[in-house]
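Residue numbers (my numbering), protein chains in the order written: chain A, 1 to 333; chain B, 334 to 666; chain C, 667 to 999; chain D, 1000 to 1332; chain E, 1333 to 1665; chain F, 1666 to 1998. Every residue, glycine too, gets a C-beta built ideally from N, C-alpha and C. Below: one structure, written as structure tokens.
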């Protein structure tokens, strides 16, 4: 059994937009799709739910419409055990939705059609960030999507950061760049630099780094480290090549390869990684272990459809790792 | 066989918004629905498709987004044989969509959640009304929904009316009041009066009449007739009580009872009625016959889910009527 | 418990075409149906399977294609316990199939599209009727569909009748008129008279009687009795009005009302009636009881989709009857 | 808007077994069903969830297996907002499951096949009833199913009652007789009397009364009142005839007719009634109003499949009632 | 953007059988399949629809039954924008259908069961080939399936060829050999030689070549070229090895590799290739480009189920090619 | 065509538990699965059905509950043609069921949740083994699952073995170790040794061998051979490495590689192998051929979901083998 250090229950707060996803049962052009499944998805929420499932006490800050879709989002968080007192119900703006088109025009890649202009979450503002939500909190998590949604959201995120600094709450930030929101490197740096600078734990990926700084990986790490003035850990997700963590205080470098599994749905893998890594941090595990947990949770996530459904508990995470390490299926029986 | 008078192929033009409908496979609060079927729906388009299926050559004027949903709408019209040269593809605004909630909170009634603020169709403007679309046209059809969508749409509809008057094309108008667009009687009369006044064939229903003028049916007909200065026929749909047609030139009154069928889905029945009545008019049938066709098409429509799918051809309309009149199932074998 | 008289296991043989039915999951014009469920259906087979489920040892004579659909038909019979040594596999003709269109153009009525011209069953011939199949048989069952399929089928049925007469096997015949096969009364009588004349137990319905002889019910019974020279029992199914049995030897008349249930799918109800009535006869029950069993099995069948699936065992038939008679749901728990 | 008296948030605790229900997508004998939907169901839990949805703060006491099905049950309660600190996870016994057979052999009636012998909930014992769960509680709810499950469950329920008496928490009890657990009147009275006697609010139904005491309704009420020594309100659910409440302190009698809706799925209607009635009590509404809420919630529940899904919020309950009272669909738009 | 040469809208006419395909939702022996999806398929129609989607104005010549399945075929063509004035509705013969069995007995291969003997299309005759359909036409497309269907079809195809020669319309022919129609090389050459000889653009594949001429690829090309006296281009599809085009006038040879995608459904890939290649020809692109378009359209088609659904527009074809060439997913966002 | 030696129809008897399997339509944690498909599965039954499909006359001995699930199991066997006179219907114990969780927590691996404690089959006892079932039998088949189910089952299996020895019926045994029933090597040997010792044809696999004896393959074979005192053939299934057969009388060794197919569902492949191998033995084919049939049947089984559905007939088995050997798809058309 993965040992858990201490009994104090650690607490984390996350923030971001959660949307209703309409996902066709078939692949190909949406034009020919007539049946859709409704899902719930949001990058920061995925991370927080992964942490909750790994024994962290979590809360989430977002805004949803005063409609059935908003209720679905609140119920989903509650079902997982995440505290929803920070979920605003906005009577004036609807819950955002989007449609997914799979494997067309490019096989195994996904195209997305948004109906989220003016969504409730894009109207989340600094007034909605209630300091009381941050009581006894050990970690705050936000990603680059949130400040990119609207100026209001940017200010809300900045207020949360300001509270965390005052209360000495650890800040985790994932650059999580969405090109349709942040057009180019200059715009992205404008929006994200302040968060990169404030974070103690900074997640990014090889794609984000090259989008921001160019093609040379070593240079990119240097560029990022230069901005990340408060970072203790810089974690770089490298997809099929695994993950890397720089301990910026000690200068040490840790790496873990990815687990070789068939990729069914790549979405949400990075979120699972972040959540498992952060849960490990809060549980007091070593960086080596946390990289392993992150890679395992990511592998489990790419093996299944959906963002939230594949996120493992400790017991299942452990079973995955042991089965891969021992290649012994008897553990499953 | 229903005899068709003359071989000249009559032509009708319609105008209005067509949306993507997301309809859950289950009944009850949307919160618990996870699978949705995609449909296409639009009141005026339903009427026009019913006419097309009954042998009228039709065209439709609308605007859709430059996206997969816009393509679905164009394909649907084309599949039915309706000419789509009047369908604008708007690169800047998306196709409108809405979600349907069935049997909750009121059994067998439907609640609707719209995502159509800023839809492509609400930006349809008078510049999009090309006079050439009206060449050799016998009838123009629009309803009260279109001018209620936006000022631009109002102007577009007025331009179409103006062209019809100039070209002596018959105007058919259905009041088709949507309370969420036209709040109250005063607002509704403000928007609709000009169309009521210009129409030669005017459709309305008992619900619309009481919304506009109050509870007394006889008074309501007088009030309506007073505004409807150019109307030749005033057709009043009375739901389960059938339909009524006043021949305003002769002063004669015609009535037809409804066909007693189980109601599966009430939506679209009025549109089917209008389409079958108008097709009968253009084919040269009598008012009595056209009321019968309208009631039969309406009954067939309430017996099945969907707006477009139940609309009958002449052959099937005739089979429905004869089976009901003779009560002889052998016609089906 | 319904008491069963004696332990000798009675044996019945049936004969007829069994087809693959493609039934859309939705109602309405086939044009709009994209998903179909595959079923197996055949009037005489339904009757035989009802008998098998009520404890009669049954065999069936038919012909199927040497294809997957033929295998489905054989498997279905075998799964029910019916002996399939009389099922011919024809390498030269395919298994017949048909498509069902529900509730269009007439609500709650069914239209059928056949692909059975040249089906294996229509090539069943007198050479395929092996006398050994009739060893130790108590009853033979065929209906008016079989001789109407083709001249070959007519001859095959006649050969079976001839064997039964020789071996003193009781003959049950249901007129079962299909208008698309037997166009009019004259043609129908030409084809069916010989079977009506030979049967000891004769089933017919009010619809068949009026098709053959006209509108007067009393006259019709007389006309039918006149042809039915060997009949001991004349059973007339009257749909919602229940059923009637004339004991032609004693001249007694027995009646039973139908059970008031909601009609979901009227197909197969008459077959269930015949099967339960005949099983009762072979088990040695009284005519009154057998009418009750027939009406109950018919009511259970109209309450569910499918022809074979609703057919009850004795235990379930009894539970249905007792619950209706006592109105006590506790029997179900 | 239904006015809510005071802002103090009332708290209720419920107790009982929650099971996994496997419900076939089709009707008829299970033998022919190949696709099943998984649901969650439990009478007391339904009542508690209805109360939660109507603004009461609720907790639930139960036991589930340490398996995926147990997690589903906990998630379902949490999603609704019900506190789950009283949900025991039992490593030694599985979560109970049952299969549903619909409309066979009796149309529109349900037969149930249980796999719950030795389920986790049947091992719930008095040690699992933690007094701290009853802090600041206004009402405790249990039904006749729980003590009938096992002796352990009986003792657990008695312990809860004892705590409530000590803490002066109001006790609500529904007789909720399951014949397969309580065979006959004598056994039922043996098990239930103590609960009937202790309850301040007592729910029963016409079926339960006649099972316990016989066929005379007036006598039955007298018999029940005689046992119910602490009851302030005796509420009798009469199905299609509505409901009746006797105020035993004042001797006044209140009645409300049922709302006439099509019955789709009768299960859970009584639970919805209880939940809405009790929420009204805790919110300080009059008995007349609470009967109305109960009948409305019951009507909404029979109109839809599922036990939990149809349970309304105040807003939807109000919309249902107003639409029925005014017959005005405009409220829906 | 792929540049399009000139604004004159090119016109193509195709000819062939279109059938209703019943495709089970599951893989394995048909015996175990109970749910089927209805599709529309036909090799020449696929090619024509691909051309239509790439900006060519197309017409199609075929014959369908006067039934719901015939209506589906006409609607499908119309929905795509293809002119259907050449679609005959035959009152005497049904629309052909076939059933597909997937992955049994050979994994990932398809077996087909036809019900098309005597289909409407097999009765298409030279009288149905109306010269007016060929007005202003730039290209005519037919494949080896059509003349192999029946002698009538052969004559109809010959009449079309004769019209094309007279009107100097370019003839494209794909050998498209179906072994169940053309048994052996001798029979195939008997039927196909005249079309191979008349075509200016000739498509074939490595399988067809070896069926006709033997195992040596170089010899096969020579044999084919010898018959193809009028061919300007000989295009050979080589499956995973890409495609080859011989410019017979210049003697030049062009090749393009296939795009490496996972094969989901190999059917229709060759049709997509032909359609994209021919559209490129009519748009005035180079042979190199047209091979690339063909290979890309083929790759997109094997990546998805269905024949028609995966066929790309220019925009999507371009997006596919650029994403593969740049390996940059940002193009998708 | 695979030649069949002699016309005498060989007869085999099998014995074991058959259960109802509830298999979710989606992959991932059961918690998120809401739709399940019902299947029937049982290792020995799979083997027997494979033999039946390959022309052996089979019977099966098992016990099922007196419920709908028991009926499904009997019907399934009968549908395949297997004699069910040895199927006991137990009124006191239910049919066993289990739930399958796919791809979680380990991708492409299956976890199973049983509800079979006290199932009807686990109460099968030696009194249920009727000697008359073994009349004219050529082969008896049982596997290591049966004696591991319960002591009663062990005794029942021993009684069957004893009858076979007396009647000189060949005994085939597959070690088929289930770790959840046989914890460790010592326990497994305790339970299985007597069956290993009695079998003339002994099947095992590399996994079972290492579980029983350790990691050295050559040693394991020796250890096994030492126990298997009556074995004529020792067949070792090696998964992707094919299969091996030792002819213990001659000392000869035969091997066959596996057919390279994509693995969709590994369950049941070993059963298909055994069934095809044994059918080949009874038909009089050589060991080389039988290994080929076994490997082919196994490959066909892993290519499709389900245990019973993929099992081939001789015709389909032959088609699979020839297509792989010739790589010629024309055989499929």
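Nearest chain F C-beta to residue i closer than 8 Å, yes or no?
{"i": "residue 36 of chain A", "result": "no"}
{"i": "residue 51 of chain A", "result": "no"}
Going by the DSSP bridge assignment, what does residue i pair with across the sheet?
{"i": "residue 347 of chain A", "result": "Nothing in the structure corresponds to residue 347 of chain A, since chain A is present only between 1 and 333."}
{"i": "residue 357 of chain B", "result": "B:369"}
Any C-beta of chain C sitting closer than 8 Å to the C-beta of residue i?
{"i": "residue 1023 of chain D", "result": "no"}
Determine, using beta carbons only, whether residue i comes closer than 8 Å to chain B.
{"i": "residue 1319 of chain D", "result": "yes"}
{"i": "residue 694 of chain C", "result": "yes"}
If you check the beta carbons only, do residue i and residue j fall under 8 Å apart?
{"i": "residue 344 of chain B", "j": "residue 507 of chain B", "result": "no"}
{"i": "residue 1755 of chain F", "j": "residue 1771 of chain F", "result": "no"}
{"i": "residue 1903 of chain F", "j": "residue 1871 of chain F", "result": "yes"}
{"i": "residue 13 of chain A", "j": "residue 133 of chain A", "result": "yes"}
Is there at least one Cβ from chain E nearer than 8 Å to residue i's Cβ?
{"i": "residue 1674 of chain F", "result": "no"}
Can you find a C-beta in chain A that's less than 8 Å from the C-beta of residue i?
{"i": "residue 1080 of chain D", "result": "yes"}
{"i": "residue 1572 of chain E", "result": "no"}
Kindly list, in the order they appear in chain F, the residues whose Cβ is closer than 8 Å to that of residue i.
{"i": "residue 741 of chain C", "result": "1744, 1745"}
Cβ closer than 7 Å: which chain C residues qualify as neighbours of residue i?
{"i": "residue 395 of chain B", "result": "Ordered by position in chain C, no residue passes the 7 Å Cβ test against residue 395 of chain B, which lies about 22 Å from the chain."}
Compute the minimum distance between the beta carbon of residue i and the heavy atoms of the ligand HEM, and state whether it is under 7 Å.
{"i": "residue 1757 of chain F", "result": "The model depicted lacks the ligand HEM and carries no ligand whatsoever."}
Let's test the definition: count the other Cβ atoms within 10 Å of the Cβ of residue i and tell me whether it reaches 16, buried, or not, exposed.
{"i": "residue 348 of chain A", "result": "Residue 348 of chain A is absent from the model: chain A starts at 1 and stops at 333."}
{"i": "residue 355 of chain B", "result": "buried"}
{"i": "residue 674 of chain C", "result": "exposed"}
{"i": "residue 1928 of chain F", "result": "exposed"}
Please compile the residues from chain B whose C-beta is within a distance smaller than 7 Å of the C-beta of residue i.
{"i": "residue 72 of chain A", "result": "364"}
Residue i CB to nearest chain D CB: under 8 Å?
{"i": "residue 2 of chain A", "result": "Because residue 2 of chain A carries a pLDDT of 43, less than 50, the predicted location of this residue cannot be relied on, and no value is offered for it."}
Can you pull the chain E residues whose beta carbon is under 7 Å from the beta carbon of residue i, in chain order?
{"i": "residue 270 of chain A", "result": "Simply none; closest approach about 14 Å."}
Give me the chain E residues within the contact set of residue i, using Cβ-Cβ distance strictly less than 8 Å, ordered along the chain.
{"i": "residue 763 of chain C", "result": "1447"}
Check the Cβ of residue i against every Cβ in chain F and list those closer than 9 Å, keeping chain order.
{"i": "residue 1100 of chain D", "result": "1733"}
I want to verify the contact list: residues of chain D whose CB lies under 7 Å from the CB of residue i, in sequence order.
{"i": "residue 931 of chain C", "result": "Those within 7 Å of residue 931 of chain C in chain D number zero; the least Cβ separation is about 10 Å."}
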